[in-house]
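Q: In our numbering, the protein residues as written are 598 to 1015.
Here it is as structure tokens:
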């Protein structure tokens, strides 16, 4: 889509960290696709922290004439300590210090100087703590340029029991301020749009479903030397199940552990599990459960691993198992499908439509169904081959979806309305 005049689009990357789960890769893969399909009239101004500069430079190498990088200036961009209190909401909203006001003013002036036509915030999530604000700033500023925000989920509303009252309050205020001030909202799936309309006073016309950029999902493969290192590192763990996910409660590691115990006790199959992804405070609960189920030496939490190591794990796993209770969209599922490795997933939100075959799904709270499906995937060769063949078909379909068409159309609609 060619815009009639040169349009400068600010694209806020912050530091796009894996600490925030899938939203970091989402932001990077989305801009990668947009630059790969760039046409005259669109120019991207990529805003990032210094630690991400090298990565972003590699991104714009695809289309250097269509993008430029600006480093977010340093400064004490922090919220008041009220964010960490359990006091009344007015304390949280209305008590920023003078230093914080000056910091926000400094950032605002910097953004004004970039002469942007619109902004896109692909990581509009609430901060987990005040020090994260520099990376997820948008709703804290009164922007003079119209902006689009990507909203990824409303898990705190679907599973309030997994969040403290203060966390729910912060997320609700943050999310509503983002969506109220945004001219357009982008979501990746219809179910997220439906949730936003259900929980917030938003019109359907403001929310645009723009699919994930499947074309730009790829992995750096390990070198020959790297492969040997990983082979030795995980030699004692083969064969292993793989679950790439942060250790949030809704990721449901606990039922995967129960399924492993049931398979061991009822089927005599001793399984091992490798979990990758950022560790948060809840991980200690999962570790304790593994020990209680006598699985302590059968589960390893590898943390955030390099891309080539994750690729090796995908390609050498016996099965990727995704028991999550809630997911806007599962990158682990998509990655397994695109790599053509055996994968099963829970039957929630977008996962059934992504995998496309109900034989390979299960209820996230049905430990019997999960254990039976894992056992069948590991012992029934024909069923396993059908799973891989399904992934091949689904990968072709996912790769055929051009997400950039939807996003550029959203940009154009916003500009046309100004």
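Every residue gets a Cβ at the ideal spot worked out from N, C-alpha and C, and that includes glycine.
(1) Measuring CB to CB, does residue 627 end up less than 8 Å from residue 719?
(2) Quick one: Cα of residue 771 to Cα of residue 782, how far?
(3) Going by DSSP, which residues form a beta bridge with residue 943?
(4) How about residue 813 and residue 927: are their beta carbons less than 8 Å apart?
(5) Is it a yes or a no for the region 932-947 touching the region 986-1001, going by three-plus beta-carbon pairs under 8 Å?
(6) What span of residues does the beta strand (DSSP E) with residue 868 cover, start to end?
(7) What's the C-alpha gap between residue 828 and residue 898?
(8) Using the Cβ count rule (16 or more neighbours within 10 Å means buried), how would you classify residue 815?
(9) In or out: residue 679 buried (at least 16 other Cβ within 10 Å) or exposed?
(10) Less than 8 Å between the CB atoms is what I'm expecting for residue 946 and residue 930, so what's the real figure, rounded?
(11) Let me check understanding here. Comparing Cα to Cα, which of 809, 643, 749 and 752 lies closest to residue 996?
(12) Over what stretch of residues does the beta strand (DSSP E) that includes residue 640 continue unbroken?
(13) My parser needs the beta strand (DSSP E) runs of 3 or more residues fully inside the region 786-841; what are they?
(14) Does residue 623 get closer than 8 Å to chain D when you measure Cβ to Cβ?
(15) Taking C-beta to C-beta, are residue 606 and residue 641 nearer than 8 Å?
(16) Suppose you measure from the CA of residue 713 to the CA of residue 748; what does that come to, to the nearest Å?
(17) Can you tell me the Cα-Cα spacing of residue 884 and residue 870, whole angstroms?
(18) Can you tell me whether DSSP reads residue 884 as helix, strand or coil?
(19) Would you please state the rounded distance, in angstroms, between the beta carbons of residue 921 and residue 984? I believe it to be under 8 Å.
(20) Go ahead and pull the three-state DSSP assignment for residue 603.
(21) Quick check on the DSSP output: the alpha helix (DSSP H) that includes residue 964 runs from which residue to which?
(22) Could you please give me the residues that DSSP links to residue 744 through a beta bridge?
(23) I need the DSSP call for residue 756, collapsed to helix, strand or coil.
(24) Comparing C-alpha positions only, which one of 1000, 1010 and 1014 sits nearest to residue 623?
(25) Should the region 874-892 be regarded as contacting the region 842-857, the criterion being three or more beta carbon pairs within less than 8 Å?
(26) Got a sec: does the ligand GDP put a non-hydrogen atom nearer than 7 Å to the Cβ of residue 883?
(27) So, are the CB atoms of residue 1017 and residue 717 less than 8 Å apart?
(28) Which residues does DSSP pair with residue 896 in a beta bridge?
(29) With C-beta atoms as the reference, is residue 971 less than 8 Å away from residue 856?
(30) Could you name the residues of the same chain whose beta carbon sits closer than 8 Å to that of residue 665, not counting the 5 residues immediately before and after it, in chain order?
(31) Is the beta carbon of residue 743 closer than 8 Å to that of residue 1015?
(32) Since I believe residue 838 is in contact with residue 910 (beta carbons under 8 Å), could you give me their beta-carbon distance rounded to a whole number of angstroms?
(33) Rounded to whole angstroms, what's the CA-CA distance from residue 961 to residue 766? Just pull it up for me.
(34) Quick check on the DSSP output: the alpha helix (DSSP H) that includes residue 629 runs from which residue to which?
(35) Helix, strand or coil for residue 558 per DSSP?
(36) Can you look up residue 749 in the DSSP assignment and give me helix, strand or coil?
A: So, to answer that:
(1) Counted from its first residue, the chain shown places residue 627 at position 30. Counted from its first residue, the chain shown places residue 719 at position 122. It is a contact, given that the beta carbons lie within the stated cut-off.
(2) Stepping through the chain shown from its first residue, residue 771 is reached at position 174. Stepping through the chain shown from its first residue, residue 782 is reached at position 185. Roughly 14 Å between the two C-alpha positions.
(3) Numbered from 1 along the chain shown, position 346 holds the residue referred to as residue 943. Paired residue(s): 959.
(4) Stepping through the chain shown from its first residue, residue 813 is reached at position 216. Stepping through the chain shown from its first residue, residue 927 is reached at position 330. Cβ atoms of residue 813 and residue 927: not closer than 8 Å.
(5) yes
(6) Along the chain shown, read from residue 1 onward, the residue named residue 868 stands at position 271. From DSSP, residue 868 is part of no beta strand (DSSP E); its letter is neither H nor E.
(7) Residue mapping note: residue 828 aligns to position 231 of the chain shown, counting from 1. Residue mapping note: residue 898 aligns to position 301 of the chain shown, counting from 1. Each residue's alpha carbon lies about 17 Å from the other.
(8) Sequence index remark: in the chain shown, residue 815 carries index 218 (1-based). Its Cβ having fewer than 16 others within 10 Å, residue 815 is exposed.
(9) Position 82 of the chain shown holds residue 679. A caution first: residue 679 carries a pLDDT of 38, below 50, which makes its placement in the model unreliable, though a value can still be read off. Residue 679 comes out buried.
(10) Position 349 of the chain shown, counted from the first residue, corresponds to residue 946. Position 333 of the chain shown, counted from the first residue, corresponds to residue 930. Not confirmed; about 11 Å, so no contact.
(11) Along the chain shown, read from residue 1 onward, the residue named residue 996 stands at position 399. Comparing Cα positions, the closest option is 809.
(12) As a working note, residue 640 is residue 43 in the chain shown. It spans 639-645 - the beta strand (DSSP E) in which residue 640 sits, taken as one unbroken run.
(13) 804-806 and 837-841
(14) The structure shown contains no chain D; it holds only a single protein chain.
(15) The residue labelled residue 606 in the question sits at position 9 within the chain shown. The residue labelled residue 641 in the question sits at position 44 within the chain shown. It is a contact, given that the beta carbons lie within the stated cut-off.
(16) Residue numbering aside, residue 713 sits at position 116 when the chain shown is read from its first letter. Residue numbering aside, residue 748 sits at position 151 when the chain shown is read from its first letter. When rounded, the distance between both Cα atoms is 22 Å.
(17) To locate residue 884, count along the chain shown from 1; it is residue 287. To locate residue 870, count along the chain shown from 1; it is residue 273. If you take the alpha carbons of residue 884 and residue 870, they lie about 12 Å apart.
(18) Counting from 1 along the chain shown, the entry for residue 884 is found at position 287. Reduced to three states, the DSSP call for residue 884 is helix.
(19) Working through the chain shown from its first residue, we reach residue 921 at position 324. Working through the chain shown from its first residue, we reach residue 984 at position 387. Not a contact, Cβ separation roughly 18 Å.
(20) Taking the first residue of the chain shown as position 1, residue 603 is located at position 6. Coil.
(21) Numbered from 1 along the chain shown, position 367 holds the residue referred to as residue 964. 964-976 is the span of the alpha helix (DSSP H), which, as asked, contains residue 964.
(22) The residue labelled residue 744 in the question sits at position 147 within the chain shown. Paired residue(s): 716.
(23) The residue given as residue 756 occupies position 159 in the chain shown. DSSP places residue 756 in coil when its eight states are reduced to three.
(24) Start at 1 with the first residue of the chain shown, and residue 623 comes out as number 26. Checked all of 1000, 1010 and 1014; the closest Cα to residue 623 is 1000.
(25) yes
(26) Among the components of this structure there are no ligands whatsoever, and the ligand GDP is therefore not found.
(27) No statement about residue 1017 is possible, as the shown extent of the chain runs from 598 to 1015 and does not include it.
(28) If you number the chain shown from 1, residue 896 lands on position 299. Partner(s): 870.
(29) Taking the chain shown and counting its residues from 1, one reaches residue 971 at position 374. Taking the chain shown and counting its residues from 1, one reaches residue 856 at position 259. Contact: yes.
(30) For the purposes of this step, residue 665 is taken as the residue at position 68 of the chain shown. Around residue 665: 640, 641, 642, 643 and 657.
(31) Translated into positions along the chain shown, residue 1015 becomes position 418. Translated into positions along the chain shown, residue 743 becomes position 146. The answer is yes: Cβ separation under 8 Å.
(32) On the chain shown, residue 910 is found 313 positions in, with the first residue counted as 1. On the chain shown, residue 838 is found 241 positions in, with the first residue counted as 1. 11 Å between Cβ atoms; not a contact.
(33) What you label residue 961 is simply residue 364 of the chain shown in a count that begins at 1. What you label residue 766 is simply residue 169 of the chain shown in a count that begins at 1. Distance between the alpha carbons of residue 961 and residue 766 is about 27 Å.
(34) Stepping through the chain shown from its first residue, residue 629 is reached at position 32. Unbroken alpha helix (DSSP H) run through residue 629: 620-633.
(35) There is simply no residue 558 to check, as the chain begins at 598 and stops at 1015 in what is shown.
(36) As a first step, residue 749 must be located in the chain shown, where it is residue number 152. Three-state DSSP puts residue 749 in coil, outside helix and strand.
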